[in-house]
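Reviewing the structure listed below.
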Amino acid sequence: MFSLNESPHKRNLHTFISTTTALLVSLLALGALVLSYNALRGVATAYGLSGWQSYVWPLLLDFALVVFSLAVVRNAILREKTLWPWTLVGLYTAATIAFNILHAPNNTVARVVAVVAPLSLFLSFETLMAQLKSEVRRHNAIQLVDDLATQAVHRRRDLDTLAAQQQKTRAAIADLASKRDALKTELVAIRKEKKNITARPPATVSNSTKERARQILAEWVAEKRKITGAALGRELGRSARLGRELKNEILPEIQTVAKQPSQNGNQNGSATEIISGKTVIERQTALLKNSNGHQREAA
């Protein structure tokens, strides 16, 4: 077990112990390899291998044992299955021990001594591999913690950015709410003003304005122009509403007079008669008198 929060002193001590142990285990494995190699070479020579073959054959066992042990460590680090490498390690260890016993003299002590070398080679190398595996796991764990710390810094920056954006959004929402309230207040004031305008009595119009409107309308009727209340209001320098009211009040009167025969016997009234408001009144009075005279004669 190891701790990621250990002090620098403990970390240095751990590094020293690990390095020393690895060096001693390596020396032990080298010594066991040399002894086992000599025994295996003797077996190869005794059973017919000579020359360079007797030097190569022991390596097929001892180096294969090293390779299979490394395969166990590799699979363990990668979290892969280690059954097959362990099986090969066990078989080659048993074979090395058997050949060392075969090379030893025919007595118990010699056979025990012969077993020590291959067994020491196996155990020392497995100890070295276990230590290497622990260091690799330690390094991976430290790297993982560093990566998590880096990610935490990035996440914290992202959160700070989001918090700033959220603050700006809240300020914008508050500003929009203030503008909304101002618009509501303005809308209420406009509605009140509209009600006041609607409730106001119609504006009084002077006789001169009406006379001017009558003259303008008479001219337009004589010229057969298109007549609108807005145009009349502009001509008078007044509102379109007042222009419409004057048009509706005066235009029917002018059109009626225009359709009546003039004093000169024309079918339609002359422009001069229509333009003058006084002439219009006089014609209307004359028409009323003629009508009364006809009624008396009939009586």
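Counting from 1 along the sequence shown, just add 16 to a position and that's the residue number in my numbering.
Just so it is clear, CB atoms sit at the ideal spot from N, CA and C, and this is done for glycine as well.
Here the structure is a predicted model, which means the values were calculated and not measured.
Secondary structure at residue i, three-state DSSP: helix, strand or coil?
{"i": "Glu-227", "result": "helix"}
{"i": "Leu-148", "result": "helix"}
{"i": "Gly-253", "result": "coil"}
{"i": "Thr-36", "result": "helix"}
{"i": "Ile-243", "result": "coil"}
{"i": "Tyr-63", "result": "coil"}
{"i": "Ser-222", "result": "coil"}
{"i": "Asn-276", "result": "Reading off the sequence, residue 276 comes out as Gln, not Asn. Three-state result, Gln-276: coil."}
{"i": "Arg-260", "result": "helix"}
{"i": "Thr-31", "result": "helix"}
Do residue j and residue i count as a contact pair if the criterion is CB distance below 9 angstroms?
{"i": "Thr-5", "j": "Lys-263", "result": "Limits of the chain in this structure are 17 at one end and 315 at the other, which puts residue 5 out of reach."}
{"i": "Leu-56", "j": "Asn-116", "result": "yes"}
{"i": "Ala-80", "j": "Leu-137", "result": "no"}
{"i": "Leu-39", "j": "Val-132", "result": "no"}
{"i": "Leu-49", "j": "Asp-78", "result": "yes"}
{"i": "Ala-130", "j": "Ala-120", "result": "yes"}
{"i": "Pro-134", "j": "Ile-113", "result": "yes"}
{"i": "Ile-266", "j": "Arg-230", "result": "yes"}
Compare the Cα-Cα distances from residue i to each of the options and report the closest residue.
{"i": "Glu-96", "options": "Leu-104, Ala-87 and His-30", "result": "Ala-87"}
{"i": "Arg-148", "options": "Ala-92, Val-237, Thr-98 and Lys-195", "result": "Note that residue 148 corresponds to Leu in the displayed sequence, not to Arg. The option with the nearest alpha carbon to Leu-148 is Ala-92."}
{"i": "Leu-75", "options": "Leu-99, Trp-100 and Ala-111", "result": "Ala-111"}
{"i": "Ala-246", "options": "Glu-235, Arg-260 and Trp-236", "result": "Arg-260"}
{"i": "Thr-35", "options": "Ser-150, Val-129, Leu-99 and Trp-236", "result": "Ser-150"}
{"i": "Ser-140", "options": "Arg-254, Asn-54, Val-82 and Arg-241", "result": "Val-82"}
{"i": "Arg-153", "options": "Pro-24, Arg-90, Tyr-53 and Ser-224", "result": "Arg-90"}
{"i": "Ala-274", "options": "Leu-258, Gly-253 and Lys-240", "result": "Lys-240"}
Near residue i, what residues of its chain come up, given a Cβ to Cβ distance below 6 angstroms and the 5 sequence neighbours on each side ignored?
{"i": "Ile-232", "result": "Glu-251"}
{"i": "Leu-144", "result": "Val-41"}
{"i": "Ala-187", "result": "none"}
{"i": "Trp-73", "result": "Ala-60 and Leu-65"}
Residues in its own chain within less than 7 angstroms of residue i by CB, not counting five upstream and five downstream?
{"i": "Ser-70", "result": "Arg-57, Ala-60 and Thr-61"}
{"i": "Glu-142", "result": "Ser-85"}
{"i": "Ala-256", "result": "Gly-245, Ala-246 and Gly-249"}
{"i": "Pro-101", "result": "Phe-84, Ala-87, Val-88 and Asn-91"}
Just to confirm my understanding: we take residue i, look at its own chain, exclude 5 residues before and 5 after, and list those with CB closer than 8 angstroms. What are they?
{"i": "Ala-126", "result": "Ala-120"}
{"i": "His-170", "result": "none"}
Inside the region 86-122 only - alpha helix (DSSP H) runs reaching at least 4 residues = Here the runs fully enclosed are 99-119.
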